[in-house]
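*Asks:* Per the working numbering: the sequence shown = residues 937 to 1344.
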Amino acid sequence: MLHGKRVLLIVTGGIAAFKSLDLIRRLRERGASVRCVLTEAGAKFVTPLSLQALTEEKVYSDMFSLTDESEMGHIQLSRDADLLVVAPATANILARMAAGMADDLAATVLLATDKPVLAAPAMNVRMWTHAATVANVETLKKRGVTFVGPNEGAMACNEFGPGRMSEPLEIVAAIEALLTSEKPLAGRRALVTSGPTREALDPVRYISNHSSGKQGHAIAHALARLGADVTLVSGPVVVPDPAGVRVVRVDSADQMLAACLAAGAVDVAVCAAAVADWKAAKPATAKIKKKTGAQPPALELAPNPDILATLSKPGAKRPGLVVGFAAETEEVVANAIEKRTRKGCDWIVANDVSPAKGTFGGERNTVHLISAKGVEDWPTLAKEEVALRLAGRIALHFGQPPKAQAAE
Ligand code: C5P
937 MLHGKRVLLI VTGGIAAFKS LDLIRRLRER GASVRCVLTE AGAKFVTPLS
987 LQALTEEKVY SDMFSLTDES EMGHIQLSRD ADLLVVAPAT ANILARMAAG
1037 MADDLAATVL LATDKPVLAA PAMNVRMWTH AATVANVETL KKRGVTFVGP
1087 NEGAMACNEF GPGRMSEPLE IVAAIEALLT SEKPLAGRRA LVTSGPTREA
1137 LDPVRYISNH SSGKQGHAIA HALARLGADV TLVSGPVVVP DPAGVRVVRV
1187 DSADQMLAAC LAAGAVDVAV CAAAVADWKA AKPATAKIKK KTGAQPPALE
1237 LAPNPDILAT LSKPGAKRPG LVVGFAAETE EVVANAIEKR TRKGCDWIVA
1287 NDVSPAKGTF GGERNTVHLI SAKGVEDWPT LAKEEVALRL AGRIALHFGQ
1337 PPKAQAAE
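And the structure:
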C-alpha cells in the first residue's frame, strides 16, 4: 500500500524512540522508503547506526555539517519526502514546531516543509495535559498537522494516563490514510452527530453526560478524508473542530434533531452523539432557588426525541445508510442487536462504556460492528483508527463514487 512512498521520519528524544525502530521495519515491509532525522536528544535513546541499518539510508542530525548539507540540505530532505512523521514527538518538539523555531535540523526541516506532517506524541501524562502542550497541539492541528495518539496506559515513568506513543501499526495506519489519494466517498454527503447534549433545568443548571465527542469527531474527520461532504452536528465539547468538516454547534437534543433535519438529504448518517434521553419537562426560566429547610425540588422529566430513530424512519428522505452507536455497560452485543432492530438503523457500533474500560473521554475504544449480516468484533484501537475503519467500511458499502458510476 505504501509502495514507492518516501517517509522522512524525525526521531526526537523520548523513551518511545525504540518503537520507531519497529515503525521503520513496518513501513519498509509495505514498500515505503524511510530516511531519518535524529535529534541530539533522540540520539540518547536510539543510535544513528540502528536507524541507518534499518533504513539503509544515511541518518541526518547536524544542521551545520558541510557533508550533510552538500549531500542533502535541509530543504532537500523535505522536498524528497511525501510525508514527514515525527515519532516520538516530545512536548519540546511540539512547542518548537508551534513557535516556528528553527534551532536544529529537525525543527528547521519541519519549518521548511510544505509536505503533510504527522506527529505521534509521547510524553509524561502531565506534560501532555499541561495547558502549554494543549495550546501547542491545537495550534498545530489548525495549521494542518495530523496527530496519531497518544494512547492511554502505563508509562515508563511509572504513571498511568494519556502519553504513550501510539503503537507502530497504528502509526502505519495513519500514514496510509494520509498518503492515500483515493477519495472513495467523493460526491457523497454525510451527517455525523457527536458529543453529549445539555438539557437545561434552569438558566444555570443542566443534565448532561461524560461524552467527549472524540469518537464522533474522529468519524467526521475520517469520512471527510475519504472525500465525503460532511456536516458534523456537535453538542458542547472541548475537542477541536476536525479539519475539512462543516460544524454545527448545538446544546440540547431538540436543537440537535433540528440541525440534523436542516442538514438536508445525506447518503450516510452516523449518530455517535450521547443524546440525553430526558429533558426537564418544564425548564425554569429563572434560577431555581434553594430554600433553607425546604425539600429539594422534584424534577419532572420528559423524553427527548430519538434522533437516530427519526433519521432511520423509512421514506424517500432516509439516508442510504444509517449507523447508530450503542454505549452499554453490560450484555454489550445482545443489547446492541436488539437496539438495531428497535431503532431501525442499518448498522450499530457497540461499545462497552463501563468505567473500567475508560472509553468515555479516553483515547481507545473496543467496538463490535453489528449489521444484518451479523457481528464483527474489532480489536481495541485508537478512536482515530476505529473511525478510519468505519469510514472505510462505509466507503465499501457504497462502492464506487457516484461520479464514477455515472461515467460507466
Ligand atoms: O437509546 P440509546 O441512547 O442507547 O441509543 C444510542 C444510539 O441512539 C446512538 O447512536 C445515539 O446517538 C442515538 N440516540 C439519538 N437520540 C436519542 C438517543 C439516542 O440519536 N435521543
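Quick reminder that beta carbons are idealized off the backbone N, C-alpha and C, glycines included.
Please state the DSSP three-state secondary structure of F1334.
*Replies:* Residue 1334 sits at position 398 when you count from the first residue of the sequence shown. Of the three classes helix, strand and coil, the one that applies to F1334 here is helix, per DSSP.
*Asks:* DSSP state of W1064, grouped into three classes?
*Replies:* The residue you call residue 1064 lines up with position 128 of the sequence shown. Correct three-state label for W1064: helix.
*Asks:* Using 7 Å as the threshold, is the C-beta distance between V1108 and R962 below it?
*Replies:* Numbered from its first residue, the sequence shown carries residue 1108 at position 172. Numbered from its first residue, the sequence shown carries residue 962 at position 26. Yes. Within cutoff.
*Asks:* Would you kindly work out how many angstroms separate the C-alpha atoms of G950 and E976, rounded to a whole number?
*Replies:* Residue 950 sits at position 14 when you count from the first residue of the sequence shown. Residue 976 sits at position 40 when you count from the first residue of the sequence shown. Roughly 11 Å between the two C-alpha positions.
*Asks:* Look at the Cβ atom of A1272, then the Cβ atom of A1286, and state whether they are nearer than 7 Å.
*Replies:* On the sequence shown, position 336 is the one that residue 1272 refers to. On the sequence shown, position 350 is the one that residue 1286 refers to. Result yes, Cβ atoms of A1272 and A1286 sit closer than 7 Å.
*Asks:* Is the beta carbon of C1196 sitting closer than 7 Å to the one on I1155?
*Replies:* The residue given as residue 1196 occupies position 260 in the sequence shown. The residue given as residue 1155 occupies position 219 in the sequence shown. Not closer than 7 Å, so no.
*Asks:* Suppose contacts are defined by Cβ-Cβ distances below 7 Å. Is A1056 in contact with L1324 by that definition?
*Replies:* Looking up residue 1056 in the sequence shown gives position 120. Looking up residue 1324 in the sequence shown gives position 388. No, these two residues do not count as a Cβ contact at 7 Å.
*Asks:* May I ask you to check if the CB of G1260 is nearer than 6 Å to at least one heavy atom of the ligand C5P?
*Replies:* The sequence position of residue 1260 within the sequence shown is 324, counting from 1. Flag set: Cβ of G1260 near the ligand C5P.
*Asks:* Under 6 Å from any heavy atom of the ligand C5P, does the C-beta of L1168 make it?
*Replies:* Start at 1 with the first residue of the sequence shown, and residue 1168 comes out as number 232. Incorrect: L1168 has no Cβ contact closer than 6 Å to the ligand C5P.
*Asks:* Using CA atoms only, rank isn't needed, just tell me which of L1326, A1217, A1308, K1309 is closest to P1315.
*Replies:* Position 379 of the sequence shown holds residue 1315. Cα-wise, what sits closest to P1315 is L1326.
*Asks:* With hydrogens ignored, establish whether the beta-carbon of D1242 is closer than 6 Å to any heavy atom of the ligand C5P.
*Replies:* In the sequence shown, residue 1242 corresponds to position 306, counting from 1. Yes, the beta carbon of D1242 sits closer than 6 Å to at least one heavy atom of the ligand C5P.
*Asks:* Where does R1329 sit, in a helix, a strand or coil, going by DSSP?
*Replies:* For the purposes of this step, residue 1329 is taken as the residue at position 393 of the sequence shown. Helix, per DSSP.
*Asks:* Between which two residues does the beta strand (DSSP E) containing C903 stretch?
*Replies:* No information on residue 903 is available, as it lies outside the stretch 937 to 1344 that the chain covers here.
*Asks:* Whose CA, out of K1077, S1001, D1177, G1152, lies closest to the CA of A1031?
*Replies:* Here the question's residue 1031 lines up with position 95 in the sequence shown. Minimum Cα distance to A1031 is reached at K1077.
*Asks:* Would the beta-carbon of C1207 be found less than 6 Å away from any heavy atom of the ligand C5P?
*Replies:* On the sequence shown, residue 1207 is found 271 positions in, with the first residue counted as 1. For the ligand C5P, at least one heavy atom lies less than 6 Å from the Cβ of C1207.
*Asks:* Considering only heavy atoms of the ligand C5P, does any lie closer than 6 Å to the CB of V1211?
*Replies:* Your numbering for residue 1211 matches position 275 in the sequence shown. Because some heavy atom of the ligand C5P lies under 6 Å away, the Cβ of V1211 counts as near it: yes.
*Asks:* Figure out for me which residue from V1181, L938, G1180, T1133 has the closest Cα to the Cα of W1214.
*Replies:* Here residue 1214 refers to the residue found at position 278 of the sequence shown. Comparing Cα-Cα distances from W1214 to each of V1181, L938, G1180, T1133, the minimum goes to T1133.
*Asks:* Using the DSSP secondary-structure output, state which residues sit across from L1360 in a beta bridge.
*Replies:* Coverage of the chain is limited to positions 937 through 1344, which leaves residue 1360 absent and any answer about it impossible.
*Asks:* On a CA-only basis, which of V947, A1068, M1059, F1083 is nearest V1045? Give me that one, please.
*Replies:* Numbered from its first residue, the sequence shown carries residue 1045 at position 109. Ranking V947, A1068, M1059, F1083 by Cα distance to V1045 puts V947 first.
*Asks:* Quick one: what does DSSP say V1184 is sitting in, helix, strand or coil?
*Replies:* In the sequence shown, the residue the question calls residue 1184 occupies position 248. Here V1184 sits in strand by DSSP.
*Asks:* Between the region 1215-1228 and the region 1267-1282, can you find at least three pairs of beta-carbon atoms closer than 8 Å?
*Replies:* Judged by Cβ distances under 8 Å, the region 1267-1282 makes no contact with the region 1215-1228, as fewer than three pairs qualify.
*Asks:* Is G1099 near P1086, with beta carbons less than 7 Å apart?
*Replies:* Here residue 1099 corresponds to residue number 163 of the sequence shown, with the count starting at 1. Here residue 1086 corresponds to residue number 150 of the sequence shown, with the count starting at 1. In this structure, P1086 lies closer than 7 Å to G1099 by Cβ.
*Asks:* To the nearest angstrom, report how far apart Q1191 and P1241 are at their CA atoms.
*Replies:* For the purposes of this step, residue 1191 is identified with residue 255 of the sequence shown, where counting begins at 1. For the purposes of this step, residue 1241 is identified with residue 305 of the sequence shown, where counting begins at 1. So the two alpha carbons sit approximately 10 Å from each other.
*Asks:* Apart from the five residues just before and just after N1028, which ones in its own chain have a Cβ nearer than 8 Å to its Cβ?
*Replies:* For this step, residue 1028 is matched to residue 92 along the sequence shown. Excluding positions up to five away in sequence, the list reads T948, G949, A977.
*Asks:* Would DSSP call D1016 helix, strand or coil?
*Replies:* Counting from 1 along the sequence shown, the entry for residue 1016 is found at position 80. In this structure, D1016 counts as coil in the three-state DSSP scheme.
*Asks:* Between the region 1121-1131 and the region 1197-1207, can you find at least three pairs of beta-carbon atoms closer than 8 Å?
*Replies:* The region 1197-1207, when compared against the region 1121-1131, does touch it at the 8 Å Cβ threshold.
*Asks:* From S956 to G1152, what does the alpha carbon distance come to, in whole angstroms?
*Replies:* Working through the sequence shown from its first residue, we reach residue 956 at position 20. Working through the sequence shown from its first residue, we reach residue 1152 at position 216. Distance between the alpha carbons of S956 and G1152 is about 29 Å.
*Asks:* Look at V1189 and V1169 and say whether their C-beta atoms are less than 7 Å apart.
*Replies:* As a working note, residue 1189 is residue 253 in the sequence shown. As a working note, residue 1169 is residue 233 in the sequence shown. Rather than Val, the amino acid found at residue 1189 in this sequence is Ala. No, Cβ-Cβ distance for A1189 and V1169 is not below 7 Å.
*Asks:* A1286 lies in the beta strand (DSSP E); which residues open and close that run?
*Replies:* On the sequence shown, position 350 is the one that residue 1286 refers to. Segment 1283-1288, the beta strand (DSSP E) holding A1286.
*Asks:* Starting from D958, follow its DSSP beta bridges and name the residues at the other end.
*Replies:* Numbered from 1 along the sequence shown, position 22 holds the residue referred to as residue 958. Paired residue(s): none; D958 is not in a bridge.
*Asks:* Which runs of the beta strand (DSSP E) spanning at least 3 residues fall entirely within the region 1077-1135, listed in chain order?
*Replies:* Listed in chain order, they are 1087-1090, 1096-1100, 1125-1130.
*Asks:* To the nearest angstrom, how far is it from the Cα of H1146 to the Cα of S1290?
*Replies:* Within the sequence shown, residue 1146 is the residue found at index 210, counting from 1. Within the sequence shown, residue 1290 is the residue found at index 354, counting from 1. Roughly 12 Å separates the two Cα atoms.
*Asks:* Under three-state DSSP, which class holds L1235?
*Replies:* For the purposes of this step, residue 1235 is taken as residue 299 along the sequence shown, with counting starting at 1. It is coil, neither helix nor strand.
*Asks:* In its own chain, which residues sit with a C-beta less than 8 Å from the C-beta of G967, not counting the 5 before and 5 after it?
*Replies:* Walking along the sequence shown from the start, residue 967 turns up at place 31. Here the set comprises M937, L938, H939, G940, K941.
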